[in-house]
Structure formats: C-alpha cells, structure tokens
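Novice: Numbering (the numbering used here), first residue to last: 2 to 508. Below is one structure. I have some questions about it.
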Ligand SMILES: [Zn+2]
C-alpha cells in the first residue's frame with residue numbers, strides 16, 4: 002500500500018498530459034501506428050511441405066499406363082499456358098484482367114487452343130466468332146483512397162486500397178469523397194445514418210464469395226437505397242485479393258480484400274477512440290458499357306465408330322488469371338483430345354471438343370451461340386460432358402485458412418439422373434479417386450445451361466471454393482495429381498458412355 006498515491010497522481014498527470022497533447026498529434030505515429038496494407042496479395046494457395054507429401058498419387062490401373070497424355074505432369078504446363086493469356090493482359094497495364102470474352106486475351110486463348118486441338122489430330126477445328134447480344138460493363142480504371150489527416154498521427158498520408166474492385170454495373174462521374182461508416186455484417190446491416198456516407202459492410206465467406214452472393218447484394222442495395230453514397234463490401238478472406246462478384250447494387254459499390262478491410266476497420270476504430278474525425282475516402286471509377294463485342298468458341302471433331310456425338314466442353318474465359326476457373330478444365334480438355342487423337346484410342350462414338358467463350362459475360366454465352374451455328378452436327382449429340390473447376394486443392398477458409406492435400410470436392414450433376422450415368426460416375430470415382438461430394442444430383446450449373454436445348458444428358462463435377470472469381474486463383478492452387486485424376490476419370494466416363502446404348506444414356 003505504499004504506491005497507490007503516487008501511482009494515482011502519476012496517472013492523473015498522464016491523463017492531463019494526454020488531454021493537453023490531443024490537439025498535437027505530431028507526437029503519435031502515422032495512422033495510429035498501424036501498418037498500411039501492402040497491396041494486392043494472394044493468400045497461401047499451395048500445400049505446405051508436410052501436406053504436399055500427403056498428396057495422393059494418381060491411380061493408374063493396369064492397362065492404362067500407356068495413356069501418357071493423361072499424366073498430370075503433361076497437363077500442368079497447359080494450365081500455366083492458359084493462365085498466361087490472362088497474365089499478358091495484366092502485364093500490359095490493364096487494372097482488370099482475365100481471358101475476357103470480346104477482348105484480345107480471349108482471342109489469343111481460342112487461337113492457341115485451336116492450334117493444340119489440330120496438333121492432337123482433331124479434325125475440322127474452327128474458331129467461330131459471334132456477336133454480343135447485350136452491353137458489357139467494363140471497368141477501365143479505378144481508385145479507392147483513404148484520405149490521410151494529421152489527426153490520425155503525424156505523416157498520415159493517403160492509403161490506396163489495392164484490392165478494391167468495383168462491382169459490376171457501378172458508375173461514378175468525377176470523384177466521390179465522403180466519410181466512412183461501418184454498418185456490420187452483410188445480411189444484417191444497419192442503415193441508420195448512412196446517408197451521404199461510404200458504408201462498409203463485412204462478410205467472411207466460409208466457402209467462397211459464391212455462397213454469399215445473395216446476402217451481400219441485398220444488403221448493399223438496401224444501403225444505397227437508404228442514401229449511402231457508395232458501399233464497400235469487405236470480403237474477409239486470406240491475403241488481400243480482388244473479388245469479382247456481387248453484381249449490380251444500384252449504386253457505386255466496391256469489394257475490398259482482407260488486409261485492406263482490416264486496415265480500414267482498425268484505423269476507423271482508433272480514430273473514434275482518439276476523438277479524431279471519422280475516416281474519409283475518395284472513390285474514382287472510369288467504367289464504360291461496351292457494345293458490339295465479338296466473342297469466340299472453338300470446335301473440332303474426332304470421328305468415332307458411330308456418328309452419334311458426345312460433346313466435351315470447357316469454357317475458355319476467366320476473371321483474372323482463372324487457374325481453377327477454368328484453365329484446369331481447358332488443360333484436361335486438351336489432354337483428352339490428345340488421347341483420343343491417337344488412332345489406338347479411337348472412341349466408339351464421335352467426340353466433339355468445344356472451348357466455349359462468354360461464360361462470364363452477359364450476352365456472350367458460348368454454348369448458346371454454338372448450338373445454332375452447328376445445329377446439323379449437334380443434333381446427333383447423346384451426351385454433353387463439361388470440364389469445369391477440376392483440380393484445385395481444397396482450401397478451408399474458416400476458422401483458419403488451410404490448404405489440404407486433396408482437391409476441392411466437386412458437386413457432381415447428371416441432368417437426367419440416368420441410372421447408367423450415375424453408376425458409371427460412381428465407378429469412375431472409385432477407380433481413380435476423383436474427388437466429389439457423396440450425393441449426385443440433377444443440378445448442372447455453370448456452362449451446361451446453354452446446352453439444355455439439345456435435350457440430352459449433361460454431366461459435370463464442379464466446385465466454387467474460396468478462390469472462386471478472385472485474383473488469388475493462380476496455378477499454384479492446382480494439384481498436378483488432381484489434374485491426372487480428373488483426366489483419367491473423364492476418359493473412363495467418356496469411353497463407357499461412348500460404348501453404351503443411347504437408351505441407357507437418355508432413358
Ligand atoms: Zn467456371
């Protein structure tokens with residue numbers, strides 16, 4: 002009990018000093034001592050050494066050793082090649098990049114795929130062009146800037162949020178400058194006092210942005226309706242990534258990544274605690290509606306013993322680099338074409354290989370344009386097999402970000418639930434260890450929608466993990482063994498279906 006008095010006196014003195022020094026922020030470090038975010042950063046997307054040692058090897062049953070075109074080491078370089086067409090667009094200085102339908106990056110991808118199909122022995126390979134039937138929103142350049150103020154500490158300079166990505170259909174003329182207000186979790190935001198402000202809502206998707214689409218869009222639209230001048234969707238995942246999702250919110254909306262959101266939240270909290278003015282941001286966006294774009298499908302044929310057709314499809318286009326969406330699907334498409342291009346592997350039915358465009362772009366759906374342009378050929382189709390999102394390592398986003406040794410489990414869909422197809426898929430899964438969820442359903446989202454008018458069975462295994470439509474979807478996230486599992490599995494399913502009576506595929 003010797004110390005309380007001097008301690009208390011000392012504390013009072015410190016408090017008094019603090020009160021005096023509050024208007025003299027020169028004494029505190031920039032941004033309250035917070036570290037500014039470092040830029041666009043992919044999170045960890047490949048397994049660590051111990052996990053990598055546990056990656057199951059691809060199963061090669063006796064009699065299939067000769068199928069060397071299906072080996073993972075042969076397929077993986079094609080994933081990197083396809084990603085390269087998107088990266089070229091990025092390196093050319095485009096703030097938004099990808100294999101974008103209607104842009105040179107898609108044309109280069111389509112031309113290269115056509116060349117690879119020809120080299121594989123695929124016949125009648127064509128790059129077919131078609132015109133967009135709708136306008137296409139395109140963000141040319143943008144900026145999300147947190148404005149510095151000496152009240153946040155001496156030398157608090159502006160901070161650019163590098164992960165910011167305008168949400169589709171957003172428009173800004175000039176510059177928006179307004180205070181920032183945090184409004185809570187997407188799905189249960191508070192719109193009190195948002196009028197005239199930049200509202201920030203938070204979401205932490207457990208399984209990728211895809212699963213949070215509805216609630217983020219609804220909340221951001223409600224905030225705009227309540228008078229928010231703009232909305233930021235803080236998508237808290239690993240790293241600091243662009244996320245391209247959460248369409249039209251009815252005003253200017255941006256997604257921001259994990260680190261940028263954290264900086265904004267912590268700086269806001271500290272400003273409030275210090276009695277400093279609320280953070281302010283400025284937002285700029287140069288976006289345009291493009292019309293008259295020309296997109297591309299690639300198509301080619303490997304004649305089989307029968308003229309009946311199995312279509313094997315993979316979409317070519319992507320947001321950002323798109324390693325798992327869908328460079329892996331394209332690479333497996335090419336592996337299968339090389340396999341069946343060998344005379345020894347001639348299929349029982351004719352195979353039509355398609356690299357489709359416009360999967361992501363309104364008014365440019367690839368299959369929707371492929372069907373009318375190839376009606377005579379495709380009327381002989383009995384089955385469509387779609388290769389989409391095949392071999393990404395499984396990534397667990399919450400509670401902690403972890404990369405697993407096996408691939409993301411795919412949702413497998415058989416549109417007509419043909420018992421033959423379902424049992425063939427199950428047999429293939431058992432044979433090769435292709436990773437799917439236990440239940441096979443009739444749901445076939447993704448690129449198969451455009452093939453519905455053929456009125457034949459459509460099948461695929463597809464997933465949407467935490468890297469879905471993000472700048473983190475890079476080749477290191479793709480399992481080489483997983484590519485081989487996918488290629489061998491689909492070879493098996495295609496061969497079995499090629500031999501089966503048509504009535505079993507479409508009962
Ligand atoms: Zn896709």
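All residues carry an ideal CB built from backbone N, CA and C; glycine is no exception.
Could you name the residues, in chain order, whose CB is less than 6 Å away from a heavy atom belonging to ligand 1?
Specialist: 316, 326, 327, 360, 389, 390 and 447
Novice: When burial is assigned at 16 or more other CB atoms within 10 Å of the CB, is residue 176 buried or exposed?
Specialist: Position 175 of the chain shown, counting from 1, holds the residue named residue 176. Residue 176 should be labelled exposed.
Novice: Scan the stretch 261 to 347 and note each continuous alpha helix (DSSP H) run of 4 residues or more that stays entirely inside, going in chain order.
Specialist: 329 to 342
Novice: Would you list the one or two residues that DSSP bridges to residue 356?
Specialist: One-based indexing of the chain shown puts residue 356 at position 355. Note: residue 356 sits in a beta bridge opposite 299 and 315.
Novice: Just how far apart, CA to CA, sit residue 414 and residue 426?
Specialist: Numbered from its first residue, the chain shown carries residue 414 at position 413. Numbered from its first residue, the chain shown carries residue 426 at position 425. In a straight line, the C-alpha of residue 414 is about 10 Å away from that of residue 426.
Novice: Quick one: is residue 359 buried, meaning 16 or more other Cβ sit within 10 Å of its Cβ, or exposed?
Specialist: Reading the chain shown from its first residue, position 358 is the one you call residue 359. Residue burial annotation: residue 359 is buried, with at least 16 other C-beta atoms found within 10 angstroms of its C-beta.
Novice: Identify the continuous beta strand (DSSP E) that holds residue 139 and give its terminal residues.
Specialist: Working through the chain shown from its first residue, we reach residue 139 at position 138. Unbroken beta strand (DSSP E) run through residue 139: 137 to 147.
Novice: Taking the beta carbon of residue 471 as the centre, do at least 16 other beta carbons fall within 10 Å, making it buried, or is it exposed?
Specialist: Working through the chain shown from its first residue, we reach residue 471 at position 470. By the 10 Å Cβ count, residue 471 comes out buried.
Novice: Quick one, are the C-beta atoms of residue 106 and residue 116 less than 8 Å apart?
Specialist: Numbered from 1 along the chain shown, position 105 holds the residue referred to as residue 106. Numbered from 1 along the chain shown, position 115 holds the residue referred to as residue 116. Not closer than 8 Å, so no.
Novice: Taking only three categories from DSSP, how would you classify residue 415?
Specialist: Taking the chain shown and counting its residues from 1, the one referred to as residue 415 is at position 414. Note: residue 415 maps to strand in three-state DSSP.
Novice: What are the start and end residues of each continuous alpha helix (DSSP H) run of 4 or more residues lying completely inside the stretch 208 to 260, in chain order?
Specialist: 214 to 226
Novice: Looking at residue 356 and residue 317, is the spacing between their C-beta atoms short of 8 Å?
Specialist: For the purposes of this step, residue 317 is taken as residue 316 along the chain shown, with counting starting at 1. For the purposes of this step, residue 356 is taken as residue 355 along the chain shown, with counting starting at 1. In this structure, residue 356 lies closer than 8 Å to residue 317 by Cβ.
Novice: Do residue 252 and residue 236 have their CB atoms nearer than 8 Å?
Specialist: Against the chain shown, residue 252 aligns to sequence position 251. Against the chain shown, residue 236 aligns to sequence position 235. It is not a contact, given that the beta carbons lie outside the stated cut-off.
Novice: Rounded to whole angstroms, what is the Cα-Cα separation between residue 324 and residue 477?
Specialist: On the chain shown, residue 324 is found 323 positions in, with the first residue counted as 1. On the chain shown, residue 477 is found 476 positions in, with the first residue counted as 1. Each residue's alpha carbon lies about 8 Å from the other.
Novice: Using the rule of at least 16 other Cβ atoms within 10 Å of the residue's Cβ for burial, across every protein chain shown, is residue 132 buried or exposed?
Specialist: On the chain shown, position 131 is the one that residue 132 refers to. With fewer than 16 other Cβ atoms within 10 Å, it is exposed.
Novice: If you run the structure through DSSP and keep just helix, strand and coil, what is residue 440?
Specialist: One-based indexing of the chain shown puts residue 440 at position 439. DSSP places residue 440 in coil when its eight states are reduced to three.
Novice: Leaving out the 5 sequence neighbours to the left and right, which residues in its chain are closer than 7 Å to residue 491 when beta-carbon positions are compared?
Specialist: Mapped onto the chain shown, residue 491 falls at position 490. Excluding sequence neighbours, residue 491 sits near 333, 337, 386 and 388.
Novice: Would you kindly report the start and end of the unbroken beta strand (DSSP E) that includes residue 459?
Specialist: In the chain shown, the residue the question calls residue 459 occupies position 458. Segment 458 to 463, the beta strand (DSSP E) holding residue 459.
Novice: Going by C-alpha distance, which of 382, 412, 428 and 486 is nearest residue 503?
Specialist: The residue you call residue 503 lines up with position 502 of the chain shown. For residue 503, the nearest C-alpha among the options comes from 382.
Novice: What's the C-alpha gap between residue 206 and residue 220?
Specialist: In the chain shown, counting from the first residue as 1, residue 206 sits at position 205. In the chain shown, counting from the first residue as 1, residue 220 sits at position 219. Computed Cα separation, rounded: 15 Å.
Novice: Would you list the residues sitting across from residue 203 in a DSSP beta bridge?
Specialist: As a first step, residue 203 is located in the chain shown; it is residue number 202 there, counting from the start. Paired residues: 186 and 235.
Novice: Mind checking whether residue 499 and residue 304 have CB atoms under 8 Å apart?
Specialist: On the chain shown, residue 499 is found 498 positions in, with the first residue counted as 1. On the chain shown, residue 304 is found 303 positions in, with the first residue counted as 1. No Cβ-Cβ contact shorter than 8 Å links residue 499 with residue 304.
Novice: Enumerate, from N- to C-terminal direction, the unbroken alpha helix (DSSP H) stretches of 4 or more residues contained entirely within the stretch 64 to 99.
Specialist: 73 to 92
Novice: Can you give me the start and stop residues for the alpha helix (DSSP H) that residue 114 sits inside?
Specialist: Position 113 of the chain shown, counting from 1, holds the residue named residue 114. Residue 114 -> alpha helix (DSSP H) spans 105 to 120.
Novice: Rounded to whole angstroms, what is the Cα-Cα separation between residue 506 and residue 363?
Specialist: What you label residue 506 is simply residue 505 of the chain shown in a count that begins at 1. What you label residue 363 is simply residue 362 of the chain shown in a count that begins at 1. Taking the straight line from one Cα to the other gives about 32 Å.
Novice: For the alpha helix (DSSP H) containing residue 471, name the first residue and the last one.
Specialist: As a first step, residue 471 is located in the chain shown; it is residue number 470 there, counting from the start. Unbroken run through residue 471: none, as it is neither H nor E.
Novice: Any beta carbon from chain D within less than 8 Å of residue 378's own beta carbon?
Specialist: Protein chain content of the structure displayed is limited to a single chain, and chain D is not contained in it.
Novice: Please list the terminal residues of the continuous beta strand (DSSP E) segment that includes residue 394.
Specialist: Within the chain shown, the letter at position 393 stands for residue 394. That run of the beta strand (DSSP E) goes 394 to 397.
Novice: Please classify residue 38: is it buried, with 16 or more other beta-carbons within 10 angstroms of its beta-carbon, or exposed?
Specialist: Along the chain shown, one-based indexing puts residue 38 at 37. Flag for residue 38 reads buried.
Novice: State the CB to CB distance for the pair residue 384 and residue 458, rounded to an integer number of angstroms; the pair is presumed to be in contact (CB under 8 Å).
Specialist: Counting from 1 along the chain shown, the entry for residue 384 is found at position 383. Counting from 1 along the chain shown, the entry for residue 458 is found at position 457. Confirmed, about 5 Å.
Novice: How is the beta strand (DSSP E) around residue 406 delimited, first residue to last?
Specialist: For the purposes of this step, residue 406 is taken as the residue at position 405 of the chain shown. Start and end: 403 to 408.
Novice: Once you ignore the five residues that flank residue 74 on each side, which residues in its own chain have a CB closer than 7 Å to its CB?
Specialist: Here the question's residue 74 lines up with position 73 in the chain shown. So the qualifying residues of the chain are 481.
Novice: Would you kindly work out how many angstroms separate the C-alpha atoms of residue 351 and residue 134, rounded to a whole number?
Specialist: For the purposes of this step, residue 351 is taken as the residue at position 350 of the chain shown. For the purposes of this step, residue 134 is taken as the residue at position 133 of the chain shown. If you take the alpha carbons of residue 351 and residue 134, they lie about 31 Å apart.
Novice: Using only the alpha-carbon positions, how far apart do residue 91 and residue 82 sit?
Specialist: The residue labelled residue 91 in the question sits at position 90 within the chain shown. The residue labelled residue 82 in the question sits at position 81 within the chain shown. Distance between the alpha carbons of residue 91 and residue 82 is about 15 Å.
Novice: Keeping to the same chain, check which residues put their C-beta closer than 6 Å to that of residue 31; ignore five residues upstream and five downstream.
Specialist: Sequence index remark: in the chain shown, residue 31 carries index 30 (1-based). Apart from sequence neighbours up to five positions away, the residues of its chain that approach residue 31 with a beta-carbon distance below 6 Å are 154, 156 and 157, ordered along the chain.
Novice: Can you name the start and end residues of the beta strand (DSSP E) that residue 128 belongs to?
Specialist: For this step, residue 128 is matched to residue 127 along the chain shown. Unbroken beta strand (DSSP E) run through residue 128: 124 to 132.
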